[in-house]
């Protein structure tokens, strides 16, 4: 029987190291394996025995692209356990910090990693020669996002200012002034970016995803909300593990997450947008309508449009939060340790990020579980590749490979994040 | 990105001091503190190299110090003039950064945002372990790299940048 194997030994333009193996037999796609060979980094084990107050600085090291997401989910989980309710200006500042991360992460992916796929360039360097304006816009947007991270997080790489109960230090209103004008410019640049990506040629593709995202009654979700899905799931973060399961696959150092009842599901911008479009301001919905972005987008290649919409939203939301900011009387609520289990789930740029911590009475971590969005999307990514490959089997080998790689990059996987999860069993006899 | 305010000449130490030989850039910057001639700034870049495109825009001369693989002949110093030539492929792989020096330089070149003179000092490295110090072989060349960078800067300042950096092309020791 004729068998063809397509191997992509190193998937470019994703964060981290991974490969793809596609097996085709008798003209049918028989097997798709997205292998993550980024070495496991054992963060969950590393957290055991550390104090709850150390967690935020440790988890910020997991990812250089989305450290805020790790801090936000961790702090939400620990505050859930300690009974601390964060609202008012502290909540606003954390949301503002998340805006910075969404802006810088999405802008990097849109222009530097994903756009070359649509325009036929091997990478951003080649694309920059012909689309310099678009790259300059992305650099300016990324710089503005990084400036928010520096202001609120202390630095843009592995930020250090978030603490349980609030922040170590909160800025004055005056400290925001230098960033207001760049944010206003960023809004315009983000709108230009949306209109630019809307001109891309999008392959026909419709996928019947179960979307999973946070939903909050008052806001487009970032730091809080219930976990909902397009199939009717509606649970608190504390119920995550009753509905979702992480399982090992032999070919990857990352765990795969599934819904116990229904299998693979999608998290990330497409899911967030599909489940929360009603929480976006009307002017942003109007921009989405203007470029033809449907209220529920099921074509993964069009995820770039959703990211672009979210960048516009994050820029505008940041300005709104700054405008309404009143410096709190104290930067944090005191946190007293107690024994128990806490759960947190927030919206990383790539989708929901779930954390669970068990503390003893002195506040020492006894157990930690971290489920990043890329682990959750791996099943969907493999299904996407299977569908795209099945429709592309007649293409030359390099075009087939490009189509498969593009379908992976549709979901902006962060391989470094996904490879933190390996349970080590020691069998002693 | 941490360091002094920008002037016409800039030295950039790329890397993470907590990742073994990746810390060579910051280590050289540390050696240069207090020794830089007037008109020269120094910064560390711990990760996001794309921001360098904005940092060096419009400057006359920039020297970048970074660690490089392959992990052989640790401590060997490669000097490359990137003002008009790309980083050779053998130097462009295995960056620990999302966008490494090679990609950042080429994007800047495409955007016409390179400084007038751009020199890279790349130090072959052998360890990038979390929490590790510089390997002995790389630690041994920190002073040498700092001295060579200083010599370049003094010469360039003497000519006002008109003659560019000396020794165009690669040179190793």
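Protein chains in written order, with this note's numbering: chain Z, 10 to 438; chain U, 19 to 191.
All C-beta atoms, glycine included, are put in the ideal place defined by N, C-alpha and C.
The structure presented is a predicted model; accordingly, all values stated were derived computationally and were not measured.
Does DSSP classify residue i as helix, strand or coil?
i	result
residue 123 (chain Z)	helix
residue 157 (chain U)	helix
residue 128 (chain U)	helix
residue 93 (chain Z)	coil
residue 279 (chain Z)	helix
residue 84 (chain U)	strand
residue 305 (chain Z)	coil
residue 61 (chain U)	strand
residue 364 (chain Z)	strand
residue 266 (chain Z)	strand
residue 32 (chain Z)	strand
residue 171 (chain U)	helix
residue 54 (chain Z)	helix
residue 143 (chain U)	coil
residue 129 (chain Z)	coil
residue 383 (chain Z)	helix
residue 220 (chain Z)	strand
residue 27 (chain U)	strand
residue 322 (chain Z)	helix
residue 114 (chain U)	Confidence at residue 114 (chain U) is low in this model, with a pLDDT of 46, below 50, so the placement of that residue should be treated as unreliable; the coordinate-derived value is given next. In the structure shown, residue 114 (chain U) sits in coil (DSSP, three-state: anything other than H, G, I, E or B).
residue 93 (chain U)	coil
residue 236 (chain Z)	strand
residue 209 (chain Z)	coil
residue 177 (chain U)	helix
residue 287 (chain Z)	helix
residue 420 (chain Z)	coil
residue 14 (chain Z)	strand
residue 242 (chain Z)	coil
residue 352 (chain Z)	strand
Excluding the 5 residues preceding and the 5 following residue i in the sequence, name in chain order all residues of the same chain whose CB lies nearer than 6 Å to its CB.
i	result
residue 367 (chain Z)	350, 375 and 376
residue 101 (chain U)	135 and 136
residue 406 (chain Z)	none
residue 109 (chain Z)	154, 157 and 158
residue 398 (chain Z)	31, 38 and 413
residue 333 (chain Z)	none
residue 188 (chain Z)	156
Excluding the 5 residues preceding and the 5 following residue i in the sequence, name in chain order all residues of the same chain whose CB lies nearer than 8 Å to its CB.
i	result
residue 439 (chain Z)	Because chain Z here runs from 10 to 438, residue 439 (chain Z) falls outside it and cannot be looked at.
residue 3 (chain Z)	Any property of residue 3 (chain Z) remains undetermined from this structure, which presents chain Z solely from 10 to 438.
residue 260 (chain Z)	30, 42 and 44
residue 125 (chain U)	68, 71 and 117
In its own chain, which residues sit with a C-beta less than 7 Å from the C-beta of residue i, not counting the 5 before and 5 after it?
i	result
residue 352 (chain Z)	86, 89, 246, 247, 249 and 365
residue 107 (chain Z)	77, 81, 231 and 232
residue 300 (chain Z)	203, 204, 207 and 314
residue 26 (chain U)	57, 77 and 78
residue 411 (chain Z)	none
residue 207 (chain U)	One cannot answer for residue 207 (chain U) here, as it falls past the ends of chain U, which runs 19 to 191.
residue 198 (chain Z)	146, 149 and 150
residue 239 (chain Z)	219, 220, 283 and 284
residue 278 (chain Z)	312, 315, 316 and 319
Using 7 Å as the cut-off, classify the Cβ of residue i as near or not near the heavy atoms of the ligand ATP, replying yes or no.
i	result
residue 164 (chain Z)	The model on display carries no ligand, and the ligand ATP is accordingly not part of it.
So residue i and residue j are in contact, right, with Cβ under 8 Å, and what is the actual spacing, rounded?
i	j	result
residue 126 (chain Z)	residue 415 (chain Z)	4 Å
residue 255 (chain Z)	residue 380 (chain Z)	6 Å
residue 44 (chain U)	residue 62 (chain U)	5 Å
residue 218 (chain Z)	residue 274 (chain Z)	7 Å
residue 347 (chain Z)	residue 382 (chain Z)	Not a contact, Cβ separation roughly 30 Å.
residue 69 (chain Z)	residue 167 (chain Z)	5 Å
residue 46 (chain U)	residue 167 (chain U)	7 Å
residue 119 (chain U)	residue 84 (chain U)	5 Å
residue 52 (chain U)	residue 145 (chain U)	No, residue 52 (chain U) and residue 145 (chain U) are not in contact; Cβ-Cβ is about 29 Å, not under 8 Å.
residue 95 (chain Z)	residue 175 (chain Z)	7 Å
For residue i, return the contacting residues in chain C, with the cut-off set at a CB-CB distance below 8 Å.
i	result
residue 134 (chain Z)	Looking for chain C here will not work: the only protein chains present are Z and U.
Exercise for the section: Would you list, in chain order, the members of the segment 145-166 of chain U that have their beta-carbon closer than 8 Å to a beta-carbon of chain Z? Expected result: none
Handout entry: chain Z contacts made by the segment 57-87 of chain U, where a contact means CB separation under 9 Å
Key = Answer in chain order: 64, 65, 66, 68, 69, 71 and 72.
Exercise for the section: Mind checking the segment 62-86 of chain Z against chain U and listing, in chain order, the residues whose C-beta falls within less than 9 Å of any C-beta there? Expected result: Sequence-ordered contacts of the segment 62-86 of chain Z with chain U read 70, 73 and 74 [C-beta pairs closer than 9 Å].
Exercise for the section: Check whether the segment 340-347 of chain Z touches the segment 130-140 of chain Z, counting contact only when three or more Cβ pairs, one atom from each stretch, lie closer than 8 Å. Expected result: These segments do not touch.
Handout entry: chain U contacts made by the segment 183-196 of chain Z, where a contact means CB separation under 9 Å
Key = So nothing in the stretch comes that close.
Practice task
Could you please tell me which residues of the segment 138-159 of chain Z, in chain order, have their CB closer than 8 Å to any CB of chain U?
Solution key: 138, 141, 144, 145, 148, 151, 152 and 155
Practice task
Take every Cβ of the segment 283-298 of chain Z, pair it with every Cβ of the segment 91-102 of chain Z, and state whether three or more of those distances are shorter than 8 Å.
Solution key: Using a C-beta cut-off of 8 Å, the segment 283-298 of chain Z makes no contact with the segment 91-102 of chain Z, since fewer than three inter-stretch Cβ pairs fall below that distance.
Handout entry: Touch test, the segment 267-287 of chain Z against the segment 210-226 of chain Z, Cβ-Cβ under 8 Å, three pairs minimum
Key = Taking 8 Å as the limit for Cβ pairs, the verdict is that the segment 210-226 of chain Z does touch the segment 267-287 of chain Z.
Handout entry: Interface positions of the segment 160-174 of chain Z facing chain U (Cβ-Cβ less than 9 Å), listed along the chain
Key = 164, 165, 166 and 167
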